[in-house]
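Encoded as structure tokens, the structure appears first; notes follow it.
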Amino acid sequence: MHHTMHIQLDKQSCTGCQLCFSSCVFGAICGAEYPDIDIEKCTLCGVCMDSCPSDALSLYQPQTIQTSSPVVDGDAIWVLVEIHNQTIAPVVLELIGEATRLSTQFKVSKTVCAVVMGEVDEPNGKLLTAYGADLILCIIQPSMNQLFEEHASAALTFLASTFHPSVIMVGATSFGRAVSARTASLLYTGLTADCTELRVDAVTQNLLQIRPAFSGNLMATIETPHHRPQMATIRQGVMKLIIPDYNRLMNIKQVRMENDLPMIHATMLANIAVQATQSITSSDVIVAGGKGMQQAANFQYLHQLASILGGQVAGSRVAVDNGWIGYDCQVGQTGKTVSPSLYIACGISGQIQHVAAISGAQTIIAINCDPDAPIFRYAHYGIVGKVEEILPQLIASLQQIV
Ligand SMILES: Cc1cc2nc3c(=O)[nH]c(=O)nc-3n(C[C@H](O)[C@H](O)[C@H](O)COP(=O)(O)OP(=O)(O)OC[C@H]3O[C@@H](n4cnc5c(N)ncnc54)[C@H](O)[C@@H]3O)c2cc1C
């Protein structure tokens, strides 16, 4: 008998029809006659319960849900601030804007709070305030190295268990992913990664954390009804910035953390700033190439077109795997989510893992030699033809105009 949540069988009701065996796409149900559920493989998706004509399968939920501390639903939405070389990561400002929108969806609106590891300088304080932070909470711990994820998560955990925020939003950067996962585990709460939409349930007041599931084939809405805080990570480019208001009053609160920080088994040898290239996520025009570009040399057309339009070149995963463009320029589920004004897809078929990341683009133009390519279902304008013929003509015509 397992004491965690699992699918349980009522042998009295089970007729041994075995319909549930084939309903499970994870291969978690087998057995000679009656279903035997492998809890290692079971994802608790519940499809087997729906498939059972005699309602013999049900979800076992432990009566008492263990929490490390009493659950308090606070009156604030927090955004974790990530700063590198005095520069705030752009996703942070987007999340603060989203927090201001969410705040008004609660029956009693919540305070939007930017959480900074260490002190914040005045320009950054003003920026966070202008983009919607009502309060900037700075955590001070003299031995803290804010670049160490273990330190940041210990500090965030300490703050959250002291002030009980209702929601913590974190940018889905490599730092944010690591800190949020550690913090959620330390706080014994849930975490939804890579949300594409956040809403508040009007009745329960729970945060609805919406994200693509099953390779983008359906949208899942995830809630954290029994635990607080409700934690979500969001990628850059998914949420829209609000119009900054530099007249807002800056409100900073410093909190000293007396607790010891965890031992770090790594040593920081140097912090080297990498020459930043403009990220495709902040580009207003993107010219992307896929397998249909056929070879690296053909990417020169994309670079020419992008340079005329003042944009950036990006690629599908196939283009990246082929080495035609770097991974930091990959658009898609395992790459970046983009929302430019103009997205030109050249020789890209339009698989869900790619197009799920361009739904925020205002205008999509597709060039593909196959008139039935799925990309044309998402494109506002389509050109049927070979990229090696269309692109030189397009570049020549634009050169005459621009
Ligand atoms: C878990 C998972 C995550 C993934 N993550 C990503 C991701 O982040 N990003 C991503 O892009 N993919 C991702 N994929 C892969 C995705 O499923 C597709 O395989 C990929 O997007 C296809 O890339 P493509 O469109 O360049 O190639 P293809 O699907 O091969 O399409 C090439 C297209 O080019 C056209 N074409 C061929 N020759 C020409 C020509 N001469 N002129 C014009 N058109 C031409 C063809 O008609 C075709 O439509 C992921 C897959 C999985 C399973």
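Under numbering that gives the first Met the number 0, residues 0 to 401 are what the sequence shown spells out, in order.
In this text, a Cβ means the ideal position worked out from N, Cα and C, and glycines have one as well.
Rounded to whole angstroms, the separation of the alpha carbons of Val-317 and Leu-146 is 33 Å. Contact annotation: the segment 85-95 does not touch the segment 43-50, with fewer than three C-beta pairs closer than 8 Å. Between Val-114 and the set Leu-92, Val-78, Ala-98, the nearest pair of CA atoms involves Val-78. As the crow flies, the alpha-carbon of Ser-108 is around 13 Å from that of Glu-97.
Leu-127 is the residue among Cys-41, Leu-127, Asp-37 whose C-alpha sits nearest the C-alpha of Asp-244. For ligand 1, residues qualifying as neighbours are Gly-289, Lys-290, Gly-291, Ser-315, Arg-316, Val-317, Gly-331, Gln-332, Thr-333, Gly-334, Gly-346, Ile-347, Ser-348, Gln-350, Gln-352, His-353, Asn-367, Cys-368, Asp-369, Ala-372, Lys-385, Val-386, where qualification means a beta carbon closer than 5 Å to at least one of its heavy atoms (chain order).
Setting aside the 5 residues that flank it on each side, Leu-18 is surrounded in the same chain by Ser-50, each with a C-beta closer than 6 Å to its C-beta; the list follows chain order. It is roughly 13 Å from the alpha-carbon of Phe-375 to the alpha-carbon of His-353.
Cα atoms of Gln-293 and Ile-400: separation of roughly 28 Å, rounded to the nearest angstrom. For Val-254, the enclosing beta strand (DSSP E) has its first and last residue at 251-255. A check of alpha carbon separations from Glu-81 across Ala-151, Asn-297, Ala-313, Ala-296 identifies Ala-151 as the nearest. Looking from the CA of Ile-394, the closest CA among Ile-366, Leu-301, Ile-6 belongs to Leu-301.
Within a 10 Å sphere around the beta-carbon of Leu-58 sit fewer than 16 other beta-carbons, which makes this residue exposed. Rounded to the nearest whole angstrom, the C-alpha separation of His-5 and Phe-25 is 15 Å.
Counting the other CB atoms within 10 Å of its CB gives Tyr-187 a total below 16, which places it among the exposed residues.
In terms of Cβ geometry, Phe-162 and Ala-265 do not form a close pair [threshold 9 Å]. Residue pairing by DSSP places Ala-75 opposite Thr-110 in a beta bridge.
Ile-209 carries a strand assignment under DSSP once its states are collapsed to helix, strand and coil.
Nearest Cα to Val-330 within the set Asp-133, Gln-235, Leu-304: Gln-235.
Below 8 Å, too few C-beta pairs join the segment 341-350 and the segment 243-263 to call them touching: fewer than three. Nearest to Leu-158 by alpha-carbon distance, out of Ala-183, Gly-170, Ala-177, Ala-219, is Ala-183. Using a Cβ-Cβ distance cut-off of 8 Å, the segment 166-177 and the segment 225-240 are in contact, since at least three pairs of beta carbons, one from each stretch, lie closer than that value.
Distance from the CA atom of Lys-106 to the CA atom of Thr-156, rounded to whole angstroms, is 26 Å. Per DSSP, the unbroken alpha helix (DSSP H) holding Gln-398 starts and ends at 386-400.
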